[in-house]
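S.K.: Input: one structure, supplied below.
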Amino acid sequence: MKTLKTITTTLLLLFTVTAFSQTKEETLEWLKQNGDSYLKFYNIYTYDDGSSQHVSYSYQFYEEYFEEKEFSSYMEKGDIGFYTRIYYKDIFVIEDIATLDTERWTSNISSSSSPTPTYIKIPIKKYESTVNRRSYIFSEKIDSRFSFKYDADQPNARKNIDKVLRAIMNMAKLSGAEPYKDLFGE
């Protein structure tokens, strides 16, 4: 009888845990529907010589990785696309999103008509990058971070980016990523 109670309790506990967690497919679907709109960022930088640069960041989410596209349009030089691909398994899982580092961008470039980006950084093992979708190159650095850019002055900006980051961390966890170990609180 005691064995039957133990088995029943274990099954109920397993059912409760799995019933309230999102699957990889559900998380990916949510990221595809909301991720880019919550993270999309656009800015115009005007330099002292009068030239300007239009920069936009957009995101695509796939089953094994996500990709950031940084598109820069230089009025006098043409267009350049920078792509960064990060596999979910290469992200260090952070349980408490509120502990992630944020940094407000500062520069001597005037961009008064555009928002100032704020960066939020997640720890990663490595990433792939390319220019104009040529060949991807792996980059692996100690203590690497990937920075999402967002407009902190927009209503609900931090709340929305936190939702996306929780979804990305869920994808990382479901992809077998390691937990982040910050041994000395740095």
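Letter by letter, the sequence shown follows residues 0 to 185 of numbering that gives the first Met the number 0. Beta carbons: idealized from backbone N, C-alpha and C, even for Gly.
(1) Since V123 sits in a beta bridge, which residues does DSSP pair it with?
(2) Give the range of the alpha helix (DSSP H) segment to which S36 is assigned.
(3) Between the alpha carbons of S51 and I43, how many angstroms are there, rounded?
(4) Straight-line CA distance for K180 to Y82?
(5) Going by other Cβ atoms of all chains shown within 10 Å of its Cβ, with 16 needed for buried, is E47 buried or exposed?
(6) Quick one, which of P122, P116, I96 and D95 has its alpha-carbon nearest R103's?
(7) Thinking just about the alpha-carbon of each residue, which of A176, M168, G175 and G77 is nearest to the one in K120?
(8) Per DSSP, which residues does D78 bridge with? Please list them.
(9) Closest to L38 by C-alpha separation, out of V163, V54 and E25, would be which residue?
(10) Using DSSP with H/G/I as helix, E/B as strand and the rest coil, what is T22?
(11) Are there 16 or more other CB atoms within 10 angstroms of the CB of G49, so buried, or fewer, so exposed?
(12) Which one of Q153, S72, Y87 and E28 has the shortest CA to CA distance from T45?
(13) Within 10 angstroms of the Cβ of G34, are there 16 or more other Cβ atoms? Answer buried if so, exposed if not.
(14) Rounded to whole angstroms, what's the CA-CA distance from S55 to R144? Just pull it up for me.
(15) If we count the other Cβ atoms within 10 Å of its Cβ and call it buried at 16 or more, is D89 buried or exposed?
M.R.: On the basis of the supplied data:
(1) Correcting the residue identity first, residue 123 is Ile in this sequence and not Val. Paired residue(s): I90 and S143.
(2) D35 to L38
(3) 7 Å
(4) Looking at the two C-alpha atoms, the distance is approximately 28 Å.
(5) As written in the sequence, residue 47 is Asp, which differs from the Glu given in the question. Classification for D47: exposed.
(6) P116
(7) M168
(8) Secondary-structure assignment with DSSP links D78 through a beta bridge to S72.
(9) V163
(10) coil
(11) exposed
(12) S72
(13) buried
(14) Straight across, the Cα-Cα distance linking S55 with R144 is about 20 Å.
(15) buried
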